[in-house]
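This report concerns only the one structure given below.
Residue numbers (this note's numbering): 13 to 272.
This is the structure we're talking about:
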């Protein structure tokens, strides 16, 4: 008899971060259930959407989890994410993404933004319906076959929002699982953070261009985002304010370049 097919696979897209990847793999090997680990390396610079799709093609599990190479999932992460899918309660699930020890103010600002977007994922008028960070995501394999990541997104910006919005539109918005966290260790500098947010702005413009009815959030949505930033501290709050300027600049740049 052949080997039993794994029920859960974990796809880790990676590019040029071997030390972080090693820590991520160690955390996956310590999971409370056995998982198939699929490292998908972006050697050609095609971007995370294409790299995740390649990982899905290689994965054998009926449930495919995703995390990033600079993240360390908690020991019960995969089991907790998979449970609602295995029981038929959901087709996709998402967990929290938390920063690790020694986090910078930029890390805390990033965490505040991600947490707010997840909190607002089911709110009418949100800028990111169904939002789920791909650093902590699980999806039924059949749904991923039907709904792969859009490889026209060339960078880590907008491709996750695009997938989540399409999933939400077909009734498969990721259900949030609070006891399935990962620890994100990035050590962002202010400069890196603002560059990242500028890239997110370009991705946001591409996201809105890729689907009908996609619009920026309401004034109350952005006011809530700023409040979330300042709830994390003065420095993170100020950085969340600056992030909105950077994302706007990125969005304008992308919109202009699309017209050329």
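Think of the CB as a built atom: it goes at the ideal place given N, C-alpha and C, for glycine as much as any other residue.
By Cβ distance, which residues of its chain are closer than 6 Å to residue i, with the 5 residues on each side in sequence left out?
i: residue 202; result: 118
i: residue 132; result: 138
i: residue 144; result: 106, 176 and 186
i: residue 29; result: 81
i: residue 215; result: 169 and 170
i: residue 194; result: 79, 83, 85, 109, 147 and 148
i: residue 188; result: 106
i: residue 112; result: 195 and 197
i: residue 44; result: 87, 88 and 91
i: residue 205; result: 118
Let me confirm a value: residue i is counted as buried when at least 16 other C-beta atoms fall within 10 Å, else exposed. Which label applies?
i: residue 191; result: exposed
i: residue 271; result: exposed
i: residue 259; result: buried
i: residue 221; result: exposed
i: residue 114; result: exposed
i: residue 136; result: exposed
i: residue 208; result: buried
i: residue 158; result: exposed
i: residue 225; result: exposed
i: residue 243; result: exposed
i: residue 125; result: buried
List the residues that DSSP assigns as beta-bridge partners of residue i.
i: residue 253; result: Bridge partners of residue 253: none, in fact.
i: residue 83; result: 196
i: residue 21; result: 48 and 76
i: residue 111; result: 196
i: residue 26; result: 53
i: residue 149; result: 78 and 106
i: residue 188; result: 106
Determine the closest residue to residue i out of the options, with distance taken between C-alpha atoms.
i: residue 49; options: 26, 95 and 55; result: 26
i: residue 86; options: 160, 40 and 58; result: 40
i: residue 180; options: 148, 104, 47 and 51; result: 104
i: residue 54; options: 64, 34 and 47; result: 64
i: residue 84; options: 241, 205 and 31; result: 31
i: residue 152; options: 210, 173, 165 and 96; result: 96
i: residue 182; options: 90, 156, 165 and 167; result: 156
i: residue 165; options: 120, 250 and 212; result: 212
i: residue 75; options: 60, 93 and 66; result: 93
i: residue 102; options: 51, 129 and 154; result: 154
i: residue 162; options: 61, 178 and 130; result: 61
i: residue 90; options: 47, 206 and 204; result: 47
Residues in its own chain within less than 8 Å of residue i by CB, not counting five upstream and five downstream?
i: residue 13; result: Any reading at residue 13 must be qualified, since the residue scores a pLDDT of 43, below 50, and its modelled position is unreliable; the value itself is stated next. So the list is empty, once near-sequence residues are dropped.
i: residue 253; result: 238 and 241
i: residue 173; result: 140, 143, 215, 216 and 219
i: residue 52; result: 23, 24, 25, 26, 63, 64, 66, 67 and 70
Would residue i pass as an interface residue toward chain B - the criterion being a Cβ-Cβ separation below 7 Å?
i: residue 168; result: Considering every chain present, this structure includes no chain B. It has just one protein chain.
CB-CB under 7 Å to residue i, same chain, minus the five flanking residues each way: which ones, in chain order?
i: residue 57; result: none
i: residue 228; result: 139
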